[in-house]
Amino acid sequence: MGRLEYTAVGLGSAIREKKIGVLEALETVLVQIKEKEAALHCYVTIDEERARKTACEVQKRIDSGQLTGPLAGVPVALKDNLCVRGMRTTCSSRMLADFVPEYTAHAVEKLEQAGGVIIGKTNMDEFAMGSTTETSAFGVTRNPHHEEHVPGGSSGGSAAAVAAGECFYALGSDTGGSIRQPASHCGVVGMKPTYGTVSRYGLIAYGSSLDQIGPLAQDVTDCAAILEAISGHDEKDATSLQRSDTDFLGALAEDVKGMRIGIPRDYFSDGLQPEVREAVMAAAKELERRGAVLEEFSLGLVDYAIPCYYTIAAAEASSNLERFDGIKYGYRTKDFEGLHEMYKKTRSEGFGAEVKRRIMLGSFVLSSGYYDAYYLKALRVKAMIKKAFDDAFSQYDLLLGPVAPTTAPKLGESLNDPIQMYLGDIYTISVNLAGLPAISVPCGKDSAGLPIGLQLIGNRCQEKTILRAAYTHERGMRSND
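In this note's numbering, the protein residues as written are 3 to 483.
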């Protein structure tokens, strides 16, 4: 039984037309997992029994006419920080190695209502802290295009699983580029929606003001269908938006005529790999050829984005992760004398090095005497970055640039130099600070055969504009192949 050459929407259509059964589609994915998982390690947990049971139930609902959506019956993988009732959810951390939630994330519930068949949980950087999926307590994930390279992170397991055919689509979370960057490195499509478009209920938090759940998929059509399925107001999430414009599939038109696209000069300065620059600019020229109006401009504040982001994200992480103390749930050290030692040893043993680094940084910037100097200053810079984007979108419909400065680095390179890993987020983190939507779509490969991603950034709640431009780019790429 070979790999099914369907996109998620294509498979959903084939299932509705009775060309293939839901269980048969699931079994082909499970075969792919058995063939590739030992080399790639995309998953932390695979629940075959639950998936098969769900597949049979979904098939009955499709046959009875209850389920008619584009994703009904399609196997999906979930990043391991999305809670699912009764399914182990670890955040790829020793701290939560045996945690089984009693509730399901809102976005996952929406997928289940749409007929999604959950295969299992994908590997990630521990508590989503990292850009390579190397900080996982359960081992590294490898890039399907070149196994000596990282898949990106922190949603690297989800991106690699989609690229390797170990699922038809996946959900990830994006705090500073954690969907878009692995999508770029693995040659798939990944989208971060406007903050609040998808409920964060059931997402184990890293940086609460920055986190957003989004899709990783094979093409832009899949991305639109998934986003349409998981969007919606949720009263359990105070930051959830009331939106009536989430019919994203309807936005897929091959038309960018008259669309004004700004290209920030700041995103094409020193440090950008020449092959990445060439591929991104070639994609820009193709959109121009199809009727878009391109213009270079200075976005500003790019050099301040990384210190601003890591100050705010680390501060929120130190607050969010204080609950993991060995008392209520999760890992607890075995040998201790007294409560204080139990806290200290539990957290020392349960958290990995990168998580500890960010907790300590966050605790420092929130501490007495440093709060004003660092955290409040970072909040002011965040507001300035949002203003810079507002000014840009008063002139342009979209912004265009690279996703990352380089293609996927080799395994081990980033862990030796954490600062270099942080600098790899330079083109993605401002989008999270401003709460904006953005997408990564493949736009070529480097000389080593590693994928390159094009980033399109939209104004708040303008996902449809992004999807239309991404769809036009994608169609152009296919016609040129």
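From the three backbone atoms N, C-alpha and C, an ideal C-beta is built for every residue, glycine too.
Through-space distance from residue j to residue i, alpha-carbon basis
i: ALA328; j: ARG96; result: Residue identity differs from the one stated: residue 328 is Gly in this sequence, not Ala. Whole-angstrom Cα-Cα distance: 12 Å.
i: LEU378; j: TYR306; result: 14 Å
i: ASP272; j: HIS342; result: 48 Å
i: PRO153; j: THR409; result: 10 Å
i: ARG334; j: GLY478; result: 54 Å
i: THR223; j: ASP374; result: 45 Å
i: ASP399; j: GLU256; result: 16 Å
i: PHE101; j: ARG90; result: 6 Å
i: ALA380; j: CYS58; result: 51 Å
i: PRO195; j: PRO217; result: 9 Å
i: GLU297; j: HIS475; result: 17 Å
i: TYR372; j: ALA317; result: 12 Å
i: GLU150; j: LYS447; result: 16 Å
i: GLY118; j: ALA219; result: 14 Å
i: ALA394; j: PHE140; result: 42 Å
i: VAL282; j: GLN275; result: 11 Å
i: ALA79; j: ILE121; result: 6 Å
i: GLY14; j: LYS287; result: 34 Å
i: LEU438; j: GLN68; result: 35 Å
i: THR241; j: PHE299; result: 32 Å
i: SER416; j: SER396; result: 37 Å
i: LYS123; j: TYR269; result: 34 Å
i: LYS36; j: ILE64; result: 28 Å
i: PHE326; j: GLY340; result: 17 Å
i: ILE428; j: ARG292; result: 29 Å
i: TYR424; j: GLU39; result: 28 Å
i: ASN461; j: LEU229; result: 17 Å
i: VAL295; j: ILE468; result: 15 Å
i: THR30; j: LEU363; result: 45 Å
i: ARG245; j: SER210; result: 20 Å
i: THR199; j: THR177; result: 14 Å
i: VAL278; j: THR9; result: 26 Å
i: LEU98; j: ASN322; result: 14 Å
i: ALA284; j: GLY455; result: 12 Å
i: ALA207; j: GLU324; result: 11 Å
i: VAL25; j: LEU173; result: For clarity, residue 25 is Leu in the given sequence; the question names Val instead. Roughly 21 Å between the two C-alpha positions.
Whole-Å CB distance - residue i paired with residue j, under 8 Å assumed
i: ARG182; j: VAL11; result: Actually they do not touch by this definition, with Cβ atoms about 21 Å apart.
i: HIS148; j: LEU368; result: The Cβ separation is near 40 Å, so there is no contact.
i: TYR203; j: ALA107; result: 6 Å
i: ALA471; j: GLN457; result: At roughly 11 Å, the Cβ-Cβ gap does not stay under 8 Å, so ALA471 and GLN457 are not in contact.
i: ILE387; j: ALA436; result: 6 Å
i: ALA226; j: LEU254; result: 6 Å
i: THR135; j: THR143; result: 4 Å
i: HIS187; j: ASN145; result: 6 Å
i: LEU205; j: SER175; result: 6 Å
i: GLU351; j: GLU128; result: About 13 Å; that fails the 8 Å criterion.
i: MET344; j: PHE338; result: 4 Å
Status (buried if at least 16 other CB within 10 Å, exposed otherwise) for residue i
i: LYS259; result: exposed
i: CYS44; result: buried
i: LYS21; result: exposed
i: GLN115; result: exposed
i: ASP213; result: buried
i: PRO72; result: buried
i: ILE459; result: buried
i: CYS445; result: buried
i: LYS384; result: buried
i: GLY332; result: buried
i: ASP82; result: buried
i: THR70; result: exposed
i: ARG382; result: exposed
i: SER156; result: buried
i: ASN482; result: exposed
i: ASP392; result: exposed
i: ILE421; result: exposed
Beta bridge counterpart(s) of residue i as assigned by DSSP
i: ALA79; result: GLY122 and ALA172
i: ALA219; result: VAL191
i: PRO444; result: GLY455
i: THR47; result: LYS123
i: LEU84; result: LEU205
i: ASN145; result: HIS148
i: GLY460; result: LEU400
i: MET423; result: BP columns for MET423 are empty, so no partner.
i: LYS412; result: HIS151
i: MET479; result: Answer is none; MET479 lacks a bridge partner.
i: MET89; result: VAL86
C-beta neighbour in chain D for residue i, strict 8 Å
i: GLU351; result: Any reference to chain D falls outside this structure, which holds one protein chain only.
Exercise for the section: Ignoring anything shorter than 4 residues or poking outside the segment 349-410, list the alpha helix (DSSP H) runs there in chain order. Expected result: Listed in chain order, the complete alpha helix (DSSP H) runs (minimum 4 residues) inside the segment 349-410 are 355-368 and 379-395.
Handout entry: Length-filtered (3 minimum) beta strand (DSSP E) runs lying within the segment 255-331
Key = Within the segment 255-331, the complete beta strand (DSSP E) runs of at least 3 residues are 262-266 and 295-299.
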